[in-house]
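Take the sequence shown: its letters are residues -24 to -1, 1 to 275, numbered as in mature numbering (1 follows the signal peptide of the UniProt record, and there is no 0).
Backbone N, C-alpha and C define an ideal beta-carbon position, used for all residues, glycine too.
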Amino acid sequence: MNKTRLGIVAIISSIILSASSAFASLDESKELKIINYNVYNGMKLDESEGKQQFIKWAKEQDADIIAWEEMNFFTREKLEKFAASYGHNYAVLLKESPDDAAFFPVAITSKYPIVNVNKVVDNLWHGALYADIGNYHFVITHLNPFWTAKRIDEMNLIIDSIKYSQDPKGKWIIAGDLNSFSPMDKSEYDKSNLLNDIKEKEKKRPILENLVDGKLSYTVQQNLINAGFIDALKIKHNEFISTAPTKVFYDQSSTPLRYDYIYVSPTLKNDVLDVKVIKDDFTDNYSDHYPVQMIIKNH
């Protein structure tokens, strides 16, 4: 083989080695950064082609895994291209309807392979996306916004799906917009105007049934807590931290709310290193919800 051909082989080998080393390995990562973000009606407030403002923000966060809600107008192809733009070569969309503004699918993107995907839409308002990344089991969901009774049914479905799974004691992470109140925030809501806010909204929109016997209900998340799951934010923060509204106009309530959560199974509790609600110049202005970030030890 002459020197020219040897040189070509060397270049090709170098390219192959470089490309292969670019693939992220979950086993080599000591920590995992996970973000959950409701992005408001298909990232509507980012009017750039391909959602460049969201891409820029996601690059800056450099999360390993991002759970997304309200991914309206995305298709599988659009999501994969979008995710690849910030370094996530794996992406799964629950469902797609490019022309339906009320479809509200959830999605998950990752640096690492997403496997064992299960897309559940029956008996759920928006649905739930089940997916494994390594030995972590993810459930991404967005609960019913209109009726507490339906939210209770939806959460019970998710709880049972884990209870009767092949790995009920495993590493589970439930992330999403739960459209419900944590009992751990009750003291904050008791001294707020939230109850009156909801009563006024229900007068204007009779379809809404978010109160139970005229009171705030904590049953949705109390059932999740009773099943052993842990509100990750409260592992690190005793104080109330809202996830809505942002600085963008938001008609849900004039009272600060916490609707966005990451819950973990007991086996992950001691692995949680940090949890926060990300409030910055971008998240102030590009959705009606703030994202929640969790960092865990990976082993």
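Could you tell me the boundaries of the beta strand (DSSP E) in which Asp108 lies?
Unbroken beta strand (DSSP E) run through Asp108: 104 to 109.
Confirm, please, whether the CB-CB distance from Leu244 to Lys177 is below 7 Å.
No, they are not a contact pair.
With Asn12 as the anchor, note down where its beta strand (DSSP E) starts and where it stops.
Run containing Asn12: 7 to 14, per the beta strand (DSSP E) assignment.
Using the three-state DSSP reduction, which class does Ile150 fall into: helix, strand or coil?
strand
Taking a contact to mean a Cβ-Cβ separation below 7 Å, would you say Glu262 touches Lys255 in this structure?
Reading off the sequence, residue 262 comes out as Tyr, not Glu. Judged by their CB atoms, Tyr262 and Lys255 are not nearer to each other than the 7 Å cut-off.
I'd like the list of long-range same chain contacts for Glu56, defined as Cβ closer than 8 Å, with 5 residues on each side in sequence excluded.
Ala67
Give me the residue from Trp44, Lys162, Asn111 with the minimum Cα distance to Ala104.
Looking at the Cα atoms, Trp44 is the closest of the given residues.
Report yes if the CB atom of Ile90 is closer than 7 Å to the CB atom of Ala107, and no otherwise.
yes
What do you get for Lys27, buried or exposed, if any count of 16 or more other CB atoms within 10 angstroms of its CB means buried?
buried
Where does Thr259 land, buried or exposed, given buried means 16+ other C-beta within 10 angstroms?
buried
Just the Cα atoms here: how many angstroms apart are Asp264 and Val15?
7 Å
The alpha helix (DSSP H) enclosing Asn132, as first and last residue numbers:
124 to 139
Boundaries (first-last residue) of the beta strand (DSSP E) holding Gln269
Element bounds for Gln269: 268 to 273.
Contact check, Ile84 vs Ile134, beta carbons under 7 Å:
no
Beta carbon of Asp40, beta carbon of Lys87: below 7 Å?
yes
Ends of the alpha helix (DSSP H) at Ser61?
52 to 61
Measure the CB-CB distance between Val188 and Ser156 and report whether it falls below 7 Å.
Result no, Cβ atoms of Val188 and Ser156 do not sit closer than 7 Å.
Grouping DSSP H, G and I as helix and E and B as strand, with all else coil, what is Phe114?
Here DSSP, grouped into helix, strand and coil, assigns Phe114 to strand.
Report yes if the CB atom of Pro74 is closer than 7 Å to the CB atom of Met47, and no otherwise.
no
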